[in-house]
Ligand SMILES: Nc1ncnc2c1ncn2[C@@H]1O[C@H](COP(=O)(O)OP(=O)(O)OP(=O)(O)O)[C@@H](O)[C@H]1O
Ligand SMILES: Nc1ncnc2c1ncn2[C@@H]1O[C@H](COP(=O)(O)OP(=O)(O)OP(=O)(O)O)[C@@H](O)[C@H]1O
Ligand SMILES: [Mg+2]
Ligand SMILES: [Mg+2]
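Protein chains in written order, with our numbering: chain A, 1 to 333; chain B, 1 to 512; chain C, 1 to 380; chain D, 1 to 345; chain E, 1 to 350.
Next comes the structure, spelled out in structure tokens:
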């Protein structure tokens with residue numbers, strides 16, 4: 001966590017003790033659906049530096065970030081190229097009719113991670129599941145960032161009534177039990193990948209709205225916005241050309257953590273049987289399906305659970321690293 | 001599996017609890033906690049259904065006119081003194097036990113029995129036994145202790161009606177005087193227990209009824225909801241419940257492997273795949289019998305068994321389990337994927353606008369979904385393209401009413417006591433659970449013959465005939481027998497099993 | 001002047017209340033129309049599977065499902081206006097108020113307990129992490145927090161059940177092992193410390209005492225680790241001990257993640273507070289470390305964590321379904337989810353309203369708390 | 001210019017400089033109020049000023065006296081609550097929409113905080129080009145680029161080196177140069193500088209002050225220079241307006257003001273300003289004055305009559321009752337005080 | 001220096017170096033600073049932003065940020081004690097009682113959520129062991145001493161309810177609470193208005209005149225530092241370039257940097273529109289310190305040797321003509337000073 005920016009000698013912001021309810025409120029906890037996890041950006045301040053005992057942390061967290069990056073790349077590549085791997089058996093049970101079920105993992109066999117109760121290949125399931133998780137996580141975050149970002153931008157920049165209306169919208173979304181919203185959306189529009197993505201995207205709208213609002217508010221008060229206005233720039237131009245570029249980085253670094261949140265949310269939904277149904281493999285429905293045989297075949301739950309854990313951990317770690325790199329200069333989250 | 005046992009209810013490997021002892025004065029006290037899949041929704045008439053859905057609770061409070069004794073394989077009178085039929089089993093005369101009183105002190109009378117039948121026939125009551133009750137065209141009060149039931153058709157298995165929900169007598173005067181809402185949680189019955197506390201969908205606490213005619217009654221009963229066999233079995237093992245209900249071969253075997261005492265029940269046609277053959281205006285491909293036959297042939301029961309029950313279930317395509325007393329070598333359609341494929345091609349050729357798609361409706365819940373996945377795999381392998389459609393259970397139910405499905409996984413609640421009732425309900429055009437919309441005269445005739453069959457041999461013969469017709473018509477296809485197991489803790493005695501894994505607690509006691 | 005201030009406060013309260021009401025009304029209305037769109041069928045749920053077509057049709061009529069949407073909405077609003085949340089559509093047609101009355105205490109207890117538990121752990125850990133940021137304790141805490149954040153609650157719950165319910169003695173051994181390892185680590189911690197102030201004797205003495213204390217506490221926990229039930233909820237009326245035992249695992253499951261989040265948030269805020277001039281000036285005054293951390297730095301750092309605790313509380317009241325399912329607790333989450341699946345409209349709406357009201361109340365409490373913490377807000 | 005001090009007082013001043021009624025910038029009864037939750041902040045109350053073509057008016061005063069509010073009001077940021085702001089014959093307050101946008105190139109601003117006034121996410125060339133893009137330029141991109149480069153060169157930055165970088169790569173002084181280029185590229189008639197050197201170290205402050213002088217000549221600017229530093233003001237201004245709590249208490253030519261301050265508040269400022277080894281009053285050889293209180297009254301609820309009376313050692317009853325108006329003491333010297341200092345006169 | 005002076009010596013800083021490890025390498029914002037301060041004396045430290053003034057005074061006191069490490073070879077002796085060797089506990093007894101500090105921004109250096117009273121009372125109770133009531137009385141006295149009107153009422157107020165000047169007075173009152181021997185004021189008036197600045201500087205001067213408290217006054221503004229100080233140190237890139245008695249230094253700056261700095265200040269005794277002297281360039285990056293003189297890259301008098309030789313601080317050859325007193329101190333770290341230096345013998349150089 002040692003990140004000192006020597007070019008900013010005075011890192012203590014005079015207003016940093018001022019209670020800003022939006023600060024914490026914009027953590028994903030605000031939106032963690034299905035009691036999903038909420039991860040919090042660490043707006044490391046320039047001089048947030050290790051204690052008297054040597055900054056050992058940077059190296060350690062650097063290693064962590066590298067591992068996280070490696071794992072994420074692995075998962076992304078897997079999800080991208082799974083179609084070209086001989087793993088179709090993992091999602092089409094009619095191809096797996098001849099495959100014995102609940103094969104134990106054996107790295108040297110055709111089914112390195114074994115097969116599940118349906119004879120479906122677990123490795124393949126994990127990769128197809130990765131695709132679902134990534135699409136849901138990244139897609140949902142895109143939806144949330146676009147919608148919530150637009151709301152937050154307008155609210156934070158304009159303030160006044162606009163702000164109030166947006167805060168009513170976000171508060172209503174937050175006050176509404178997220179799971180009900182999810183189930184309802186998923187039931188109204190079938191549990192397909194785009195719909196789940198959309199539903200989870202809506203879940204994170206308030207989080208983004210708050211984050212962007214807080215940032216927009218702080219940047220809207222900056223002198224350079226006044227300067228742009230003095231040049232005759234219109235409101236839209238200021239919002240898009242002056243304010244937005246400054247918000248992109250914190251939003252971006254925050255998004256990693258929200259991806260993690262959404263991946264867990266999707267897994268939880270899957271676990272409850274409310275997301276993309278079997279036989280299309282997702283990590284959550286793999287865990288759910290394996291749970292009945294947990295005692296006998298622990299790997300049915302264990303393998304997808306570990307992959308889920310590592311992926312979520314990686315995204316959180318990347319988010320942390322990104323936040324450390326990009327957020328300090330931005331408004332406090 | 002207990003497939004080889006001759007008595008279905010006796011449980012495998014001699015694990016059936018001893019039923020010879022019952023509650024005595026010195027065994028009074030104690031609490032038995034029972035885990036239920038879903039709770040008795042309310043004590044309103046006709047809500048209790050099987051062991052799964054609160055049957056034991058309502059039976060404990062109302063008692064029943066008759067009971068099925070799985071060991072003796074016969075119906076025995078309980079609140080009744082006797083039940084006699086005429087020669088063609090169309091008129092049945094019930095004599096009540098004298099001196100039975102309800103928990104409010106009123107005596108049990110024939111009026112009450114007739115009133116109860118009327119209640120069940122009234123759709124507004126929403127009785128689960130409405131179809132059965134409709135079989136009774138008239139319930140005539142002969143004298144205060146005698147009722148005469150006239151049936152629409154000859155039915156040798158009629159006692160099953162009185163051994164089920166319809167046999168739970170509602171005291172007319174008290175019921176008419178009470179507020180239905182109040183009754184739902186605080187009923188008056190002739191059973192061994194009275195309701196001490198009722199939290200819908202969570203907990204029901206029953207206390208011994210000191211005036212129970214068959215007394216004494218020992219324990220307090222506490223029914224709690226634990227959805228799913230896994231949770232129930234976990235709770236049973238940690239001692240949180242003393243009686244638990246398990247469903248599915250996997251858990252039944254698990255319990256038996258652990259040498260857990262209990263009552264096993266094997267349900268013929270307990271696991272089926274229903275095919276919409278015209279319900280509520282459906283006119284899709286499954287109205288073509290060849291398509292249904294293709295489905296039946298495409299399904300490899302052994303694989304199904306392997307995938308869903310680790311090969312430990314009782315896979316069969318026959319209507320009757322081979323462990324049943326009624327089994328007489330009946331056979332369902334054989335697995336033949338080539339034949340299935342050929343049929344699909346044939347139908348495709350004849351139905352140009354059908355591309356092989358089948359919409360499969362599945363209720364939420366991991367077990368249903370896994371079953372759906374296997375079915376999809378097998379059907380896809382035969383040339384169908386199955387599209388899985390997940391929905392919450394209420395939606396599945398509703399869509400079955402409205403015919404908005406093509407195939408749906410389900411099961412019949414047949415009982416060895418009288419399989420005709422369940423078959424009639426599932427396959428007669430008027431049947432309550434006829435969700436496939438099948439209306440086939442030959443099938444109807446075969447079922448009516450089965451109902452009328454007066455003795456075991458006749459029943460076996462009728463069943464064989466039914467199986468033949470069934471194999472042609474294929475309104476649904478049987479995948480396996482269902483297995484249920486009521487685990488009973490060693491600390492509990494005096495339980496008696498009856499129809500559909502319902503346990504009677506009037507003799508129950510707690511040891512130690 | 002004071003009059004105008006009173007006016008200001010009143011206006012503020014008025015605005016908040018209005019906002020709250022609008023939010024609740026919008027949430028309820030949204031729920032109504034959302035449920036309208038859900039293709040469920042309450043009549044089917046009411047009669048259950050195995051009912052006859054006649055019963056089903058009758059139920060539809062009874063429930064007014066064939067009425068136009070607006071009529072039903074108006075009916076419901078009418079009922080609501082007279083304080084009646086309506087009755088469940090599913091037998092035994094309990095009053096929704098009564099159902100919520102049963103479910104809410106379970107969820108409330110679960111939510112409050114897990115939040116309190118989380119705060120009780122998170123605050124000291126975060127304060128110490130922030131004070132010794134980059135140190136061993138901080139690093140370990142940070143890694144553990146990350147791990148906790150990344151374990152979905154259904155996995156965490158399964159793990160807890162596996163360990164504490166079914167493998168009780170294994171759990172005891174694990175905790176004992178942890179006691180030894182952590183105790184040793186604390187006792188040996190001066191090894192890794194270079195160039196600290198103070199004499200080595202004092203340093204080692206303190207580390208030893210600390211190590212033994214930590215080890216002993218954990219060992220006691222292991223020895224007296226109670227048996228936890230697999231499932232179910234024992235109401236408070238049946239005795240506090242039983243009640244706590246029944247809710248402990250679910251609360252811990254939920255707390256795992258909250259602890260991690262709270263720790264991270266408070267740590268971050270605390271770090272930035274510790275860099276504030278006023279903390280420096282407190283140190284320059286020569287105030288002891290405890291005073292600086294607790295009296296000076298902690299309170300101004302709690303804004304985010306209070307906000308977050310508020311949000312978590314609101315979220316837990318409505319969203320503990322996974323844990324409720326896992327541990328078979330009759331709480332709000334399962335009640336509402338079941339109701340959504342059964343298209344049991346009055347229950348859904350009642351639940352949504354209660355949760356929204358609760359959310360709004362929590363938010364207001366949080367606002368008040370800000371004012372209690374910070375005099376600058378208090379004075380407007 | 002390092003190390004050399006030149007006297008430029010005799011630099012060619014525009015011929016029309018100082019002629020009354022010929023003002024480039026006219027501030028006419030401008031009032032700025034902010035409506036906040038706590039009440040109305042009277043930031044600027046009825047201020048009238050004139051700045052002749054090519055001259056520099058300095059606004060001085062303590063923090064919160066409304067200097068920035070007035071400066072921004074000149075640019076209609078936001079539009080003043082009442083009053084007129086005329087640049088030549090154009091009343092900016094009466095314009096809106098496209099015509100206001102067009103009029104904006106008449107008057108430009110440089111802000112106090114050089115870092116915060118530049119968008120950290122944009123490149124220097126884009127920042128400087130922004131105004132031209134908004135205003136539109138005949139000749140398109142090429143012309144914009146040419147003018148941006150010219151402006152950057154004028155403020156002493158190498159366009160090729162600096163153009164592609166972001167503000168964070170520059171020091172405070174360089175950032176202030178960029179901000180100046182951004183304002184000058186539009187070739188405004190009037191430049192408002194809001195404490196442009198307050199955030200800078202003295203060595204850099206000198207660079208910027210010199211640069212401002214240079215630019216003023218080069219672009220024939222009329223300047224409003226806001227500062228709280230009397231020494232800086234003395235160096236750069238032709239005329240000084242001293243503000244206190246939203247009102248102007250004294251306006252005078254620079255030399256006249258420093259030589260003979262008439263308002264007690266002006267004197268207080270002079271008595272307080274530190275110079276090497278003493279205060280400004282010491283340096284100027286004037287007798288210092290001490291305030292009776294150091295508390296600045298709230299602009300939410302300013303004192304009646306003369307706003308300075310709560311701190312003024314010379315206050316009497318009339319000061320509470322009547323608001324003093326600006327009156328001419330001498331040519332080019334106005335004061336708003338019931339009891340102006342006579343001693344130095 | 002005579003032995004008498006030595007006894008009188010309150011603070012003695014020798015070759016103070018403070019390193020900070022940053023991810024991009026080690027920087028040394030304080031790089032070899034010597035200070036001798038006698039009881040009751042006031043010394044001013046000026047320098048541009050980032051020159052290390054704050055780091056210097058915080059290192060002296062021992063409250064540098066946790067990342068900063070004072071070089072083991074440095075010594076800071078206060079009243080005969082080695083400050084750098086104090087344990088945390090000893091230091092806590094030391095802070096506030098022996099050395100106290102006043103900070104730049106009175107708003108941020110007071111805890112916004114605690115009352116003024118509690119913040120003054122804290123050290124009184126902790127250090128002096130006063131009871132609640134006694135401490136409160138003493139707090140009132142202190143507030144009176146820093147000329148805060150109606151002091152008792154202020155005790156229950158919060159910092160935001162006071163004006164900037166009042167807050168700074170409170171800060172001073174807190175610093176004075178245990179009658180420290182040394183008061184370090186790090187830019188105590190930078191955030192304040194001129195009128196208030198004037199009052200605060202006067203107040204500090206007055207307080208100091210009352211007792212024998214020594215003071216280090218830090219500012220980036222030469223004019224401020226020149227007001228009431230006995231000596232001034234001009235800091236540049238972590239080091240003093242020139243140290244001297246205030247008058248001597250102002251009148252005859254020996255270092256080109258000091259001279260340029262003085263010339264860059266607008267002077268009201270010169271006519272308006274006078275072009276100011278400019279120091280081109282910017283202070284060196286702490287990570288790439290030039291090998292020779294730190295100021296060489298910007299120095300108008302730079303010669304070849306400046307780029308190689310790091311000049312030590314040396315006494316000026318002659319005392320300034322205008323200040324011919326024997327005690328005049330004027331030292332400069334420059335190879336080519338504008339005033340010639342006197343090369344001292346090594347014994348004196350310590
Ligand atoms: N946007 C605003 N909303 C409300 N009040 C404001 C606003 N801007 C300024 N004020 C108030 O108006 C008064 C004048 O402020 P202004 O910034 O013009 O003063 P200033 O002389 O520029 O002070 P400084 O030297 O601190 O920059 C102050 O009391 C300030 O608090
Ligand atoms: N915590 C820190 N971590 C890394 N570098 C720091 C830290 N604090 C200060 N510095 C660096 O040390 C140098 C000296 O800083 P210091 O605050 O002492 O300067 P200063 O002279 O007080 O400046 P100012 O006038 O701006 O207060 C600066 O270059 C700064 O960037
Ligand atoms: Mg200003
Ligand atoms: Mg400093």
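Backbone N, C-alpha and C define an ideal beta-carbon position, used for all residues, glycine too.
Three-state class that DSSP yields for residue i in the structure shown
| i | result |
| --- | --- |
| residue 44 of chain E | strand |
| residue 16 of chain E | strand |
| residue 267 of chain D | helix |
| residue 89 of chain C | coil |
| residue 218 of chain B | coil |
| residue 410 of chain B | strand |
| residue 196 of chain A | helix |
Length of the line joining the Cα atoms of residue i and residue j
| i | j | result |
| --- | --- | --- |
| residue 202 of chain B | residue 127 of chain B | 21 Å |
| residue 272 of chain B | residue 106 of chain B | 45 Å |
| residue 250 of chain B | residue 32 of chain B | 25 Å |
CA nearest to the CA of residue i, picked from the options
| i | options | result |
| --- | --- | --- |
| residue 53 of chain C | B:246, B:189 and B:431 | B:431 |
Discussion item. For the region 118 to 126 of chain A against the region 396 to 406 of chain B, do three or more pairs of beta-carbon atoms, one drawn from each stretch, fall closer than 8 Å, so that the two count as touching?
Written reply: no
Worksheet entry | contact_flag[the region 283 to 300 of chain E, the region 254 to 267 of chain E] where n(CB pairs < 8 Å) is 3 or more | Contact annotation: the region 283 to 300 of chain E touches the region 254 to 267 of chain E, with at least three C-beta pairs closer than 8 Å.
Worksheet item: Hey, is the region 59 to 67 of chain E in contact with the region 301 to 312 of chain E, meaning 3+ C-beta pairs nearer than 8 Å?
Response: Contact between the region 59 to 67 of chain E and the region 301 to 312 of chain E is absent, because fewer than three Cβ pairs lie under 8 Å.
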